[in-house]
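Heads up, the thing below is written out as structure tokens.
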Amino acid sequence: MPERAATTIDGARHRLAEVGAGAALTELLAGFITELRAAGLPVSLTENLDAMAAVQHIPLEDRDAFKYALAATLVKNAAHWRVFETVFEVYFSLRGREFALTDEQMAELPDLDDLLGELAEQQQGERGAGGTGEQLTPEELAEMLYKALAQGNEAMLKALARQAVRRYAGMEPGRPVGGTYYLYRTLRNLDLDGVLDRLMQQARDEASQALTPLEERLERDEYEARIDQLRKEIEAEIRRRLVADRGVEAMARTLRKPLPEDVDFMHASREEMASLRKAIYPLTRKLAVRLARKRRHGRKGPLDFRSTMRHSLSSGGVPVDPQFRYPRPSKPEIFVVADISGSVAAFARFTLHLVYAISHQFSKVRSFVFIDGIDEVTRMFEGVEDIADAVHRVNTEADVVWVDGHSDYGHAFEVFWQRWGKEVGPKTTLLLLGDARNNYHASQSWVVKEMQHRARHVYWLNPEPRSYWDTGDSIIGEYTTFCDGVFECRNLRQLERFVDNLV
Amino acid sequence: MTEAYRFESVAAVRESLGKVDYLADEGIAGVVYLADRLGKPVLVEGPAGTGKTQLAKSVAEITGARLIRLQCYEGLDESKALYEWNYKKQLLRIQAERNEGTTWEELEDDIFSEEFLLTRPLLEAIRADQPVVLLIDEVDRVEVETEALLLEILSDYQVSIPELGTVRATQVPLVFLTSNNTRELSEALKRRCLFLHVDYPDLEREREIVLAKVPGITESLADQVARIVRSIRQLELKKPPSVSESIDWARTLLLLGVDQVDAATATGTANILLKYQSDIAKATKEFEQDTALAGGEAAGAGAGAAAGVAKPWQRNA
Chain A
1195 MPERAATTID
1205 GARHRLAEVG
1215 AGAALTELLA
1225 GFITELRAAG
1235 LPVSLTENLD
1245 AMAAVQHIPL
1255 EDRDAFKYAL
1265 AATLVKNAAH
1275 WRVFETVFEV
1285 YFSLRGREFA
1295 LTDEQMAELP
1305 DLDDLLGELA
1315 EQQQGERGAG
1325 GTGEQLTPEE
1335 LAEMLYKALA
1345 QGNEAMLKAL
1355 ARQAVRRYAG
1365 MEPGRPVGGT
1375 YYLYRTLRNL
1385 DLDGVLDRLM
1395 QQARDEASQA
1405 LTPLEERLER
1415 DEYEARIDQL
1425 RKEIEAEIRR
1435 RLVADRGVEA
1445 MARTLRKPLP
1455 EDVDFMHASR
1465 EEMASLRKAI
1475 YPLTRKLAVR
1485 LARKRRHGRK
1495 GPLDFRSTMR
1505 HSLSSGGVPV
1515 DPQFRYPRPS
1525 KPEIFVVADI
1535 SGSVAAFARF
1545 TLHLVYAISH
1555 QFSKVRSFVF
1565 IDGIDEVTRM
1575 FEGVEDIADA
1585 VHRVNTEADV
1595 VWVDGHSDYG
1605 HAFEVFWQRW
1615 GKEVGPKTTL
1625 LLLGDARNNY
1635 HASQSWVVKE
1645 MQHRARHVYW
1655 LNPEPRSYWD
1665 TGDSIIGEYT
1675 TFCDGVFECR
1685 NLRQLERFVD
1695 NLV
Chain B
19 MTEAYRFESV
29 AAVRESLGKV
39 DYLADEGIAG
49 VVYLADRLGK
59 PVLVEGPAGT
69 GKTQLAKSVA
79 EITGARLIRL
89 QCYEGLDESK
99 ALYEWNYKKQ
109 LLRIQAERNE
119 GTTWEELEDD
129 IFSEEFLLTR
139 PLLEAIRADQ
149 PVVLLIDEVD
159 RVEVETEALL
169 LEILSDYQVS
179 IPELGTVRAT
189 QVPLVFLTSN
199 NTRELSEALK
209 RRCLFLHVDY
219 PDLEREREIV
229 LAKVPGITES
239 LADQVARIVR
249 SIRQLELKKP
259 PSVSESIDWA
269 RTLLLLGVDQ
279 VDAATATGTA
289 NILLKYQSDI
299 AKATKEFEQD
309 TALAGGEAAG
319 AGAGAAAGVA
329 KPWQRNA
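In the order they appear, the protein sequences are chains A and B.
All letters in the first sequence, in the order written, are residues 1195 to 1697 by our numbering.
All letters in the second sequence, in the order written, are residues 19 to 335 by our numbering.
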């Protein structure tokens, strides 16, 4: 296969070269696709070829079209779009200009600076002074920024973003600092919160009568969107400069973001958490579909003689339609016992979403949460439409603190066994979720042993990296002995794999 | 399969789509253009009500092609999607031939001929002489196994019928598959398609869509509709309002003779925008909170409504 593949890729490259794209582009594309793969996107060979075919039909100087052409052929999952975009920005923000942008667009960038200078002159002209963007005082820059935001002038915002980065970020070549550091420095100097307040004040002053709450909200949304736009421009500018300084490959490596399915639960940002939540529902649906299919298509049962004879009556006693006894898989009962203490808070919130999702898919799901006390929260998920509400209720109403609100797995398990142990039966699958960091309390691992005796399966999902297990106050090892399986569950991919095995 | 391309350039696609009141953004127009150039199907994915199906219809309209639609559902099979032998007619034929002494081979050739073939949408799209746009709607509803039915058509534009041979397309149809992403589609299917994710439009595009789709609406009302809808989409809802719902809402407001939307009107008609009771309650609560806050502090409501909510640009700071 590699032989043939190589020739086809080469073929595509040749064709590209004929169109006049030049070797630079093909090289760049190859590097680009390698980087996408390194970031985890599953780019197949045919997709690679498609991308090369696609760019032949696109005028290369049209950067947006170029981007969409690559996206349509290479990215087949909307959740991967962000990763693609970052890599694209890195690869084609700077080097792009060498081959893709026409002279006209090259000239556009200095134009922006001119524009800035002009504006500055305008402003200073009022006071009879002259100058360019470089000589603006910080106050003047802030004033222009404010005006640009008030008017929603995109060209000006772009120019100001460049100016602000140049001035405030304090970027020095070769300095090994992340982009967020520069971003922070720039934003700190711009005081966007203050600007928003001022914009809102002006909107209020300009209105002929007092703004209604609704109008106020709409104005605020509008300005927030513009400020967000500015922030993106600043980010892009910083990235451009970093790429210029460090080179494409190095930047691509440092900026590489995990795909949503690889995001660590424990360190997920707000946005990542939101996209994770969205991803849970397809996962549970998949689970349910697979369960249902198992029930429907299980064709391995033995011949059902009675039923076959009964059916043969319609064909005069000839058994043309053999009937089988289909296996009826028992519907699993699932008990989820989750740690919701601070150390695993992010994971816990995610777990609660998962519990909510599966409680709608499985016939019987009971959920328990603990810190050092334990409480059943099944009813809080029942008939609730809004998961956020349910999670909020769990976090506020559940009675999970016994002494000091530090995780005590031993005590929680003991109480669980006393109060609900009798309800664990041979159909039950127990899912224990937590990092097993017990604050040096007694482990009471005999409870887990009892559980294993009585329940069908006992599984433990641990959100910590495997290398941290049994370090410090983690006592996962003591419990492992009595579990049917202990799994590292740090991201969606691992969770999915576990769910696959479970069904 | 060489033929003239349907579209001149990305801009041309966008323009002609605009003429039939489909306001495409750069990405949508670009992918449609590429689909034509590369002769590949387009997999359109995105939330419900963002104009995925409408895109296929509009493309059919601008190219003057016939639209053939296959609505997918759970349990869809070959006989509903591809073709089926008209066995009643075959039986009749056999009965009629019984007395004429034809041999079995002759008869077999006869009853498995085109005359007895019932074409279903996929085969019909392949066999059509005129230009065709094939729309395979909500492809995520069929089972993974059924997806395989589509693969031959999507990659080679042909259908193999064991008794007849392979039917090849005389012209390459434009194929659109839509998906609401309720499940992950198979890799094989995705690989054969260009991928287009259609999301909620930005403010300007939404305003233009409302203006185009709701005749008689004023610019200021369309603007308000677009802005309020954007505001509502920022709440964490079960089902954020889609474009078709904002169009419906704009129509309602127009019929009610509203030209200035205030909070009371917005909450009063929220049931058109939002389809879940919990969502409506949430939006209403949110707007009422605004009112309460504004009542409390008449001037300088700087902290205002978004007090507890992190502003978008503060996320990583």
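Glycine is no exception: its CB is placed at the ideal position from the N, C-alpha and C atoms.
Residue 1362 (chain A) is outside the set of residues whose beta carbon lies under 7 Å from a beta carbon in chain B. A Cβ of chain A is located within less than 7 Å of the beta carbon of residue 212 (chain B).
Annotation for residue 1604 (chain A): the continuous alpha helix (DSSP H) segment containing it runs 1603–1614. Between residue 86 (chain B) and residue 150 (chain B), the CB-CB gap stays under 7 Å.
Scanning the region 156–215 of chain B from its first residue to its last, the whole alpha helix (DSSP H) runs of 4-plus residues come out as 162–174, 205–210. If you draw a straight line from the Cα of residue 1462 (chain A) to the Cα of residue 1279 (chain A), it comes to about 19 Å. Only exposed fits residue 1678 (chain A), as fewer than 16 other CB atoms lie within 10 angstroms of its CB. Rounded to the nearest whole angstrom, the C-alpha separation of residue 101 (chain B) and residue 1274 (chain A) is 37 Å. Taking each of A:1419, A:1341, A:1384 in turn and checking the Cα distance to residue 1332 (chain A), the smallest one comes out for A:1384.
Spanning the alpha carbons of residue 78 (chain B) and residue 190 (chain B) requires a straight line of approximately 14 Å. Contact between residue 54 (chain B) and residue 24 (chain B) is confirmed by a C-beta separation of about 5 Å, below the 8 Å threshold.
At least 7 Å separates the CB of residue 145 (chain B) from every CB of chain A.
For residue 246 (chain B), the residues of chain A that pass the 8 Å Cβ criterion are 1408, 1412, in the order they occur in the chain. Contact annotation for residue 1262 (chain A) against chain B: 44, 45, 48, 49 [CB-CB distance below 7 Å, chain order]. Not one beta carbon of chain A lies nearer than 7 Å to the beta carbon of residue 261 (chain B). Chain order gives the chain B residues near residue 1270 (chain A) as 208, 213, where near means a beta carbon separation below 7 Å.
Taking 7 Å as the cut-off, the Cβ atoms of residue 71 (chain B) and residue 155 (chain B) count as close.
For the pair residue 1359 (chain A) and residue 1374 (chain A), the CB atoms are not nearer than the 7 Å cut-off.
Under the three-state reduction of DSSP, residue 1549 (chain A) is assigned to helix. Exposed is the label assigned to residue 105 (chain B), since fewer than 16 other Cβ atoms lie within 10 Å of its Cβ. Considering only beta carbons, the part of the region 1221–1251 of chain A lying closer than 8 Å to chain B consists of 1236, 1238, 1240, 1241, 1244, 1247, 1248, 1251, in chain order.
In the structure shown, the three-state DSSP call for residue 1417 (chain A) is helix. Using a CB distance cut-off of 7 Å, residue 253 (chain B) does not count as an interface residue toward chain A. In this model, residue 1631 (chain A) and residue 1456 (chain A) are separated by some 24 Å (Cα to Cα). Sequence-distant Cβ neighbours of residue 92 (chain B) in its own chain, meaning closer than 6 Å and more than five residues away, are 159. Contacts with chain A (Cβ-Cβ distance below 7 Å) from the region 268–302 of chain B involve 280, 281, 284, 294, 296, listed in chain order. The DSSP-derived three-state label of residue 63 (chain B) is strand. Below the 8 Å Cβ cutoff, chain A contributes no neighbours of residue 84 (chain B), its closest Cβ being approximately 25 Å away. Of the residues assessed, residue 1691 (chain A) falls on the exposed side of the cut-off, its CB having fewer than 16 other CB atoms within 10 angstroms.
Around the beta carbon of residue 1604 (chain A), a 10 Å sphere encloses 16 or more other beta carbons of the protein chains shown; the residue is thus reported as buried.
Against chain A, the CB of residue 249 (chain B) has a partner CB under 7 Å away; the residue lies at that interface. Residue contact with chain B for residue 1399 (chain A): absent (no Cβ-Cβ distance below 7 Å to any residue of chain B). Between the beta-carbon of residue 1413 (chain A) and that of residue 1394 (chain A) there is about 6 Å, and that keeps the pair under the 8 Å contact cut. Apart from the 5 residues on each side of it in sequence, residue 1542 (chain A) sits with its Cβ closer than 7 Å to the Cβ of 1532, 1533, 1534 in its chain, given in chain order. Contact between the region 1621–1630 of chain A and the region 1642–1649 of chain A is present: 3 or more CB-CB pairs across the two stretches fall below 8 Å. DSSP lists no bridge partner for residue 301 (chain B).
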